[in-house]
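Numbering (this note's numbering), first residue to last: 23 to 293.
All C-beta atoms in this analysis are idealised placements derived from N, C-alpha and C, irrespective of residue type, glycine included.
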């Protein structure tokens, strides 16, 4: 039995979509905070169980009978609360006799214990101390934070604006990461490993060229003088500081094929 926690989120749903191509539906459990919100999964034959990160008793029940558990990190951003939720999930997995845990960590969590990686670093240490066989899937930032339907506005205006200093970006698409997670859940040689996943490096200048070529309309890249508002500004700060330039081939190795290319992504977004 494969249990996917936080299965109602965008990433969890993609993982279940992939699992349904590789395993019978009645071997898959979606553990969710609100079972009424995933009636579509139940209609596809997936078992749906209540599993709330803030209610350890529900986690123990949700994880019962699991040979493999995909522990998708909590959406909670406050590090201490997130760490506590993950601790509760690992404790529940131990009590329920889960055979192995696959955890969605974050790139750099093995060496950094602050900011974005704080809760992930603590959770990796908790997993190691638990004695439960496990695999770590360290994700980069999602490509969707940068490559999305907003790119159509750049085609309309003929200008793509960023404040990234020409630095490389190593994001990966949820769909690729979900496929990789499904493979790790259903293949036998990943336990005990830690994977540092990244997609193909790209820059905003390359993105502008790609938009021009695929849309047939000229798009130029311009560096923004000021900081973008909100989360976009923070993300661009990380890029400009070089924090997203690390690249590995581990995602493509687990997938068994290349990760989604910039051309493929832009084509899908525009169509």
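For this session: Would you mind working out which of 103, 236, 255, 247 sits nearest residue 167, comparing C-alpha positions?
Result: By one-based count along the chain shown, residue 167 stands at place 145. For the set 103, 236, 255, 247, the Cα lying nearest the Cα of residue 167 is the one of 255.
Exercise. Is there contact between the segment 209-226 and the segment 257-275, where contact requires at least three CB pairs shorter than 8 Å?
Worked result: yes
Exercise. Skipping 5 residues on each side, what residues in its chain have a beta carbon closer than 6 Å to that of residue 96?
Worked result: In the chain shown, counting from the first residue as 1, residue 96 sits at position 74. Closer than 6 Å at the Cβ level, and outside the excluded window around residue 96, lie 75, 104, 107.
Problem set entry | DSSP beta-bridge partners of residue 194 | By 1-based counting over the chain shown, the position of residue 194 is 172. Residue pairing by DSSP places residue 194 opposite 164 in a beta bridge.
Problem set entry | Buried/exposed call for residue 61, threshold 16 Cβ in 10 Å | Stepping through the chain shown from its first residue, residue 61 is reached at position 39. Under a 10 Å Cβ-count criterion, residue 61 is classified as exposed, with fewer than 16 other Cβ atoms of the shown protein chains found around its own Cβ.
For this session: Can you tell me which of the three DSSP states residue 218 falls into?
Result: As a working note, residue 218 is residue 196 in the chain shown. In the structure shown, residue 218 sits in a strand (DSSP, three-state: E or B).
Exercise. How about residue 121 and residue 77: do their beta carbons lie closer than 8 Å?
Worked result: Residue 121 sits at position 99 when you count from the first residue of the chain shown. Residue 77 sits at position 55 when you count from the first residue of the chain shown. Contact: no.
For this session: Kindly confirm or deny that the segment 40-58 and the segment 113-128 touch, where touching means at least three C-beta pairs closer than 8 Å.
Result: no
Exercise. Start and end of the beta strand (DSSP E) containing residue 128?
Worked result: As a first step, residue 128 must be located in the chain shown, where it is residue number 106. Per DSSP, residue 128 belongs to the beta strand (DSSP E) from 122-128.
Exercise. In chain order, what residues of the same chain lie with their CB nearer than 7 Å to the CB of residue 233, ignoring the 5 residues before and after it?
Worked result: Here the question's residue 233 lines up with position 211 in the chain shown. Answer for residue 233: 173, 176, 177, 182, 241, 288, listed in chain order.
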